[in-house]
Structures are given as structure tokens and as C-alpha cells.
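A.B. asks: Mind having a look at this structure? Questions to follow.
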Amino acid sequence: MNLKYWIIALVILIIILSPLPAVVVAKANTSRDFTIRARAFEYTPSVIRVQQGDRVRLTMTADDVTHGLILDYYNVELAAIPRQEKVSSVEFVADRAGKFRFRCTQVCGPLHPFMVGELIVEPNLLGAFSFPLLFLVAGGTLGLLWIGKSRPGVLPGSGWRFELTKFRAVRWAVDQRWFQYALMLPNLFFFVIIMLAAFFGTPVGNANFAIIFVWIVWWAALKLILIPLGGRAWCSMCPIPAPGEWIDHRAFIQKGHEKPMAIARKNWPKALRNLWTQNATFLGVALFSAIILTRPWATGVVLLAFFIGAIILSYVYGRRIFCRYVCPVSGFIALYSMAAPVEVRVQDPEICRKHVEKDCVCGNESGYGCPWLEYPGNLKRNAYCGLCTECLKTCPKDNVGLNLRPFGADLFVAQGRGIDEIYNVFIMLTCAIIYSAVYLGSWGILKDWANIATIEGFLFYSVLFMLANLVIVPGLFYLAVWLGKAWAEGRLPSRAESLAILDPLRPVPDQIAQITRRIFRRAEKTSARGSPVQLSDAPRASALPPLKQLFVDYGYALAPLGLTGWIAFTVSFALIDISYAIPLLSDPFGWGWDLFGTAKTPWIRFIPEWVPYIQTPILLIGLALSIVTAYNLVEQRVPDKRAAFRSVLPIVVFMVGIMLVFFQLYV
């Protein structure tokens with residue numbers, strides 16, 4: 011066998027066996043005592059480490075208000091009251107290894123559901139093996155791509171389509187004017203209850219219908235089901251734009267008045283016809299999320315602002331201007347809907363080209379022109395199709411259909427790509443990490459900053475938040491793209507020169523400085539000539555597209571990683587807190603009602619000890635899909651396989667770095 015393959019096999023073996031020193035340890039049988047101080051919203055110490063078999067004694071005190079503690083899997087409970095003479099303590103044997111969270115059981119303030127600590131019982135097998143597994147998944151995915159057959163020029167995801175509207179019942183349903191309203195009205199009913207609960211219900215977040223049903227029930231449904239499987243399915247049933255449309259149309263279900271599309275297209279500022287406004291509104295909501303997600307009044311104010319904004323913009327411009335250009339949730343969905351397996355597309359573009367009337371744009375007696383300002387004949391991506399089904403109603407040729415298609419198909423469509431969408435990718439990915447650290451982590455200082463405990467702390471948090479979203483993560487990704495492009499084009503320093511610079515055995519600083527100056531002179535000459543510096547031991551590869559274009563193209567490869575990051579984040583709190591919704595069905599306002607006999611249902615944590623085992627494969631799947639997407643994106647433009655791989659590898663390193671952060675937070 012070639013020596014190179016022996017070396018690769020040895021490296022893989024070392025990676026697999028690297029956790030063994032931490033795992034192969036004798037079971038301990040010692041007593042460990044820990045005193046935990048609780049204050050809003052932090053335990054000290056926040057992380058406790060013991061060995062499997064240890065007898066653990068926990069003692070708890072409270073500094074400010076009454077706090078509780080319940081430990082996942084072990085189900086030991088403590089409670090502490092400030093200035094109480096009798097100290098609460100409990101003993102148990104740490105007979106199961108792994109990472110377990112302990113959570114507050116007493117309502118101690120707005121961030122009570124996010125007050126957590128960690129008990130790590132060594133050997134933590136999942137934590138030990140997850141990092142080697144991460145590198146194996148990344149390397150294995152690259153290996154499969156390397157040995158696979160190249161298909162330059164073939165658009166991934168352009169294969170099979172299965173038309174759902176070929177079934178008579180489906181076609182009949184989407185052709186009815188009442189179809190979308192049947193989806194919207196139940197949500198409008200819940201929206202009214204949410205607004206009433208936000209302003210007139212109990213101020214306790216985990217007992218308020220608005221908080222639980224918006225930020226736990228709806229959020230979980232959106233992240234776990236609607237977006238991954240339905241794309242913009244939520245947009246088709248969202249109640250927020252409904253009143254504005256009814257006012258503008260002067261009708262409820264039947265076809266009514268319709269402003270010409272030209273009013274919306276011409277009057278809406280050209281500079282705002284992109285995702286930048288939605289990026290800004292999402293950043294604003296995310297920055298103040300510790301307030302919005304935990305205070306009912308804040309949730310009510312935000313939703314009311316969306317509601318009023320949608321009415322005003324619909325009245326002034328017509329169409330769904332708010333949904334298309336302003337709504338922060340719509341911006342979030344726009345990105346990840348491109349990975350969904352559902353689409354609305356024309357069946358034969360030639361029919362659209364020959365059809366002069368363009369009823370799908372202008373509307374007719376059967377329905378309205380596209381509220382999202384799209385022309386279905388040119389529709390190639392899900393990003394701005396709200397699944398309102400108006401084009402299916404208005405098309406006189408029955409040339410528009412609802413299809414199933416491969417996951418991620420739109421990520422490879424070049425039409426419509428832009429820097430605004432790429433920054434949306436970075437914002438969503440970065441916020442998934444920040445949310446995980448703030449709301450699932452054990453760091454009380456982060457919660458204090460986000461919760462505006464002090465103005466100085468919040469200002470510092472705001473600066474870090476904006477820098478991470480707008481500078482640090484995009485900057486690191488830009489660096490990775492630049493390195494990949496330079497390596498693929500042979501513009502990096504030669505191997506001999508690199509070794510000479512890094513060689514610690516060379517004691518002559520003048521020689522190192524001379525080599526460094528030579529490299530920079532060569533780089534300057536390269537820039538002046540417009541031709542790359544050659545690697546001394548590699549042939550010149552084909553030139554790649556411009557750096558900005560690669561930066562934009564590669565950015566879409568992060569969509570699967572970001573989506574699975576949000577899914578993993580959502581799993582962690584949905585399984586823990588979803589049971590808060592059960593009593594609220596009987597007492598939505600906290601007024602002591604018991605409509606359905608569920609008001610006294612206790613808080614139930616569903617399989618909390620299994621959450622990391624669910625999150626790990628979800629994240630690894632996202633990594634593999636992002637690597638495949640990145641390679642397929644560059645393969646469209648770079649026919650040379652070696653150059654394509656060199657371009658992708660720094661991107662993969664960036665992705666692995668993001669995954670390391672997620673794994674550090676979760677396992």
C-alpha cells in the first residue's frame with residue numbers, strides 16, 4: 011500500500027483513540043462535597059466535575075430570592091431561601107457518566123427558565139468521542155467527495171420533481187379562495203389570545219400564554235417542522251398580514267380591490283429592495299431577546315408593532331411589502347426555505363413566456379397578482395415565495411404546480427444571490443451560537459449582560475454582539491475563502507519558503523527577515539502583474555472566480571450548518587419547557603381558570619439526559635451537508651478537481667471550528 015495511505019490510516023486511528031486516556035480510568039468511590047450558591051440567574055460553581063461512582067453531596071444556599079435545583083436524570087432536588095438558618099442538602103451516587111444539567115425549580119425572575127448549571131460525570135464518553143467523531147465526519151465527507159465522480163456544469167438539485175397538484179384533491183383545495191384563510195383564521199384566533207395575555211395576563215413569563223405559545227410552542231414548530239419540511243409554510247398561514255390585506259382589498263375571502271403591482275415596485279425605495287432591512291430588524295430583536303422572550307409586555311409590544319407595520323405598509327403600497335422586506339422572521343425563513351423540499355414552480359416556462367396577460371402578476375377574477383412581487387415564470391428559488399397559492403388560482407393555463415423536490419435544491423441557484431443574503435446567513439449562524447451560550451450556558455454574566463442588569467454590561471454585550479455578527483464571523487469566513495482561492499490558484503508561498511519561515515531551528519533572524527521580504531516583494535509583483543505566484547511543487551491551477559463572488563457563493567454552504575444549529579438549540583429547550591403549555595390551555599391569562607382540567611399539570615422535563623445525544627447527530631448531519639454543498643458550489647465554476655478541493659478545504663476548517671463551538675456548548 012502507498013505510504014501516503016498508511017499515514018492517513020494512522021492519523022485516523024490516532025483520532026479515534028485520542029479520547030481513550032480520558033475514558034479508561036478506574037471508577038472512583040470517593041465522597042465529594044459541593045456548596046452551590048444561587049443568585050439570579052446563576053449557580054456558583056456553575057460546573058461541577060466528579061468521577062463515576064463518586065458519592066456526591068450538594069448543599070445549596072440562596073443570595074437574593076428563593077431558588078431551587080433539580081438535576082437531570084438523577085432527579086435530586088434542592089431548594090434554598092435567603093437567610094435561612096437550615097441549609098438544604100442532598101446526597102446521591104454519580105452512577106451514570108455524562109453531562110447533566112441542573113435547573114432552577116422556583117420562579118426567581120424573568121430568566122428563570124434559563125438558570126442552569128452542569129454536572130459532568132467522568133468519563134463523559136459523548137464529550138470525549140464527539141470531537142474525534144467531528145473530524146471523522148468532516149474527513150469522511152471530503153474523502154467520499156474526492157473519490158466520487160465529478161459533475162462540473164451539472165446543477166445539484168435540478169433532478170426529480172414530484173408534483174403534488176396533479177392529485178385532483180390537492181389542486182381543488184389550493185384553487186379555492188378560502189384555502190389560505192382556513193389556515194390563517196385559527197392562527198389569528200391564537201394571535202388575539204396572545205395579545206390579550208401579553209398585556210392583561212400574568213407578568214410571570216413561564217405562566218403566560220404569550221411567552222409560552224410564541225417562544226416555545228410556535229418557535230419549536232417553526233424550527234423543527236415548518237421550515238425544514240415546509241419552507242415558507244408559516245408565511246402561508248401567518249395572521250399578521252391578514253388585516254392589512256383585508257383593508258387593502260376591501261374584501262375578506264372573495265376577490266376584491268387590488269392595487270397595481272407597479273405601485274409597490276416603484277414606490278418602495280430601491281435601496282431597501284433587499285434583505286438589509288430584515289437583517290437589521292432581526293438583529294434588533296435578537297439583541298433585546300432576553301427582554302422580549304421573557305417579559306409578556308415586551309412580546310406584546312413587538313408583535314403589535316409587526317401587526318401595525320403590516321397594516322400601514324399594505325395600505326400604502328399594497329401587496330405584502332412588510333413580509334417581503336421588513337419582517338425579521340420572514341428574513342430568517344427566506345434563507346432556510348431554500349433548503350426545504352417543497353416549492354411552487356411553473357411546469358413549462360415556455361407557456362409563461364408566450365402568455366401575454368400575465369394574470370399571475372396582474373391578477374384576475376380568480377385571484378390577486380403575486381403579493382410577494384414575484385413573477386412565477388422566472389421563479390427559481392423559494393426565498394421570496396410565500397406559498398400564498400395566488401398564482402395557482404390565477405393561472406388560466408394550470409401551468410403552476412406545488413412540487414416535492416430534493417432538499418437544498420435552491421442553494422445551488424445563482425440567480426438572486428447577493429451580499430445581503432450572505433450576511434443573513436452569517437447573522438443566523440452567529441445568533442444560533444450566541445443564543446446557545448446565553449440561554450443554554452451556565453454563565454450568569456452573559457445572562458446579566460443580555461438582561462440589561464446594568465447599562466454598562468449591556469452596552470459591552472451589544473458591541474460584542476454586533477461585532478460577532480457583522481465583523482468577526484464574516485471576517486473569518488472571508489479569510490477562509492481567500493486562503494482557499496489563493497491555494498487553488500497557486501498564490502501561496504512555496505513549501506520551502508513556508509518551512510524556512512516557520513523553522514524554529516534557524517537561529518539567524520536576518521535570513522528569516524530576508525525570506526519574508528522576498529515573499530512580500532513577490533506578492534507585490536504578483537498584484538502588479540495580475541498573475542499569481544506559483545507553488546514551487548504544484549502546477550498552476552485554473553483561475554477561480556473573483557473573491558467577492560466566491561465569498562457570496564460559498565456563504566450559501568453555511569445554510570445547512572445554521573439550520574441544524576437552530577434545530578439543536580430548539581430541541582434543548584423544547585423538550586424541557588414544552589410542558590409549560592399544558593396548564594395554559596386551561597388558564598391562558600393566569601386568572602385562576604381551569605377550562606379543560608389541565609391547570610394543575612406540573613412541569614415535566616422530557617428525556618433531558620438524552621438531549622445531547624439528539625443534538626450531536628443533528629449537528630454532524632448539518633456539517634456533512636454543508637461540506638457537500640460547498641464542494642458542489644465550487645464544482646459548478648471550477649472544473650479542476652484538485653483546485654476545487656484546495657478552495658474548499660479552508661472553508662471546511664471554518665465549518666469545523668463552528669462545530670467545535672457548538673459541541674463545547676452542548677456536549
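In my numbering, each number is its position in the sequence shown, counted from 1, plus 10. C-beta: ideal position from N, C-alpha, C; glycine also.
DSSP has residue 109 in a bridge; who is on the other side?
C.D. replies: 130
A.B. asks: In chain order, what are the residue ranges of uninterrupted alpha helix (DSSP H) at least 4 long that sit wholly in the segment 362 to 445?
C.D. replies: 369 to 372, 400 to 404, 429 to 445
A.B. asks: Which residue spans inside the segment 259 to 289 form an unbroken alpha helix (DSSP H) run of at least 4?
C.D. replies: 271 to 277
A.B. asks: Please name the residue in 344, 109, 214 whose C-alpha comes closest to that of residue 135.
C.D. replies: 109
A.B. asks: Could you name the residues that DSSP lists as bridge partners for residue 61?
C.D. replies: Partner residues in the beta bridge of residue 61, as assigned by DSSP, are 132.
A.B. asks: Using the Cβ count rule (16 or more neighbours within 10 Å means buried), how would you classify residue 428?
C.D. replies: The residue is exposed, with fewer than 16 neighbouring Cβ atoms inside 10 Å.
A.B. asks: State buried or exposed for residue 420, treating a residue as buried only when at least 16 other CB atoms are found within 10 Å of its CB.
C.D. replies: buried
A.B. asks: Assign residue 78 to one of three DSSP states: helix, strand, or coil.
C.D. replies: Judged by DSSP in its simplified three-state form, residue 78 adopts strand.
A.B. asks: Look up residue 50 in the DSSP assignment and say whether it is helix, strand or coil.
C.D. replies: coil
A.B. asks: To the nearest angstrom, how far is it from the Cα of residue 550 to the Cα of residue 494?
C.D. replies: The predicted model places residue 550 with a pLDDT of 45, which falls under 50 and marks its position as unreliable, so this point remains unresolved.
A.B. asks: Specify the secondary structure class of residue 315 as computed by DSSP and reduced to three states.
C.D. replies: Three-state result, residue 315: helix.
A.B. asks: Going by DSSP, what residue range makes up the beta strand (DSSP E) through residue 355?
C.D. replies: 352 to 356
A.B. asks: Among residues of its own chain, excluding the 5 on either side of residue 1, which ones have a beta-carbon nearer than 8 Å to its beta-carbon?
C.D. replies: The shown model of the chain, from 11 to 677, leaves out residue 1, and the question about it has no answer.
A.B. asks: How about residue 351 and residue 415: do their beta carbons lie closer than 7 Å?
C.D. replies: yes
A.B. asks: CA-CA distance, residue 486 and residue 673?
C.D. replies: 19 Å
A.B. asks: Can you give me the C-alpha to C-alpha distance between residue 469 and residue 297, rounded to a whole angstrom?
C.D. replies: 11 Å
A.B. asks: For the alpha helix (DSSP H) that residue 466 lies in, which residues bound it at each end?
C.D. replies: Annotation for residue 466: the continuous alpha helix (DSSP H) segment containing it runs 465 to 477.
A.B. asks: By how many angstroms is the C-alpha of residue 458 removed from the C-alpha of residue 464?
C.D. replies: Between residue 464 and residue 458, the C-alpha separation is close to 8 Å.
A.B. asks: What's the gap between the Cα of residue 208 and the Cα of residue 677?
C.D. replies: 35 Å
A.B. asks: For the candidate residues 445, 111, 553, 205, whose alpha-carbon lies nearest to that of residue 578?
C.D. replies: 445
A.B. asks: Have a look at the DSSP bridge pairing and note the partners of residue 71.
C.D. replies: 47
A.B. asks: Please name the residue or residues paired with residue 88 in a DSSP beta bridge.
C.D. replies: 79
A.B. asks: Under a Cβ-count criterion, where at least 16 other Cβ atoms within 10 Å of its own Cβ denotes burial, should residue 78 be classed as buried or exposed?
C.D. replies: buried
A.B. asks: Could you check the C-alpha separation between residue 358 and residue 409 for me, to the nearest Å?
C.D. replies: Between residue 358 and residue 409, the C-alpha separation is close to 7 Å.
A.B. asks: Could you tell me if residue 94 is buried or exposed, where buried requires 16 or more neighbouring beta carbons within 10 angstroms of its beta carbon?
C.D. replies: exposed
A.B. asks: Evaluate contact between the segment 203 to 219 and the segment 302 to 311, counting only Cβ atoms and requiring at least three cross-stretch pairs below 8 Å.
C.D. replies: Short answer: they touch.
A.B. asks: Please report the distance separating the alpha-carbon of residue 389 from that of residue 335.
C.D. replies: 17 Å
A.B. asks: According to DSSP, simplified to helix, strand and coil, what is residue 330?
C.D. replies: coil
A.B. asks: Per the DSSP calculation, residue 102 is bridged to which residue(s)?
C.D. replies: Bridge partners of residue 102: 66.
A.B. asks: Just to confirm, is the Cβ distance from residue 491 to residue 599 under 7 Å?
C.D. replies: no
A.B. asks: Would you mind giving the Cβ-Cβ distance between residue 148 and residue 637, rounded to the nearest angstrom? I have them listed as a contact below 8 Å.
C.D. replies: About 6 Å separates the two Cβ atoms, so the contact holds.
A.B. asks: By DSSP, does residue 200 sit in helix, in strand, or in coil?
C.D. replies: helix
A.B. asks: Which class does residue 172 belong to by DSSP, given the choice of helix, strand or coil?
C.D. replies: strand
A.B. asks: DSSP on residue 3, reduced to helix/strand/coil?
C.D. replies: The structure shown does not extend to residue 3, since the chain spans only 11 to 677, so no value can be given for it.
A.B. asks: Return the CA-CA distance between residue 171 and residue 413, expressed in angstroms with no decimal places.
C.D. replies: 6 Å
A.B. asks: What residues match up with residue 751 in a beta bridge as DSSP calls it?
C.D. replies: Since the first and last residues shown for the chain are 11 and 677, residue 751 lies out of range.
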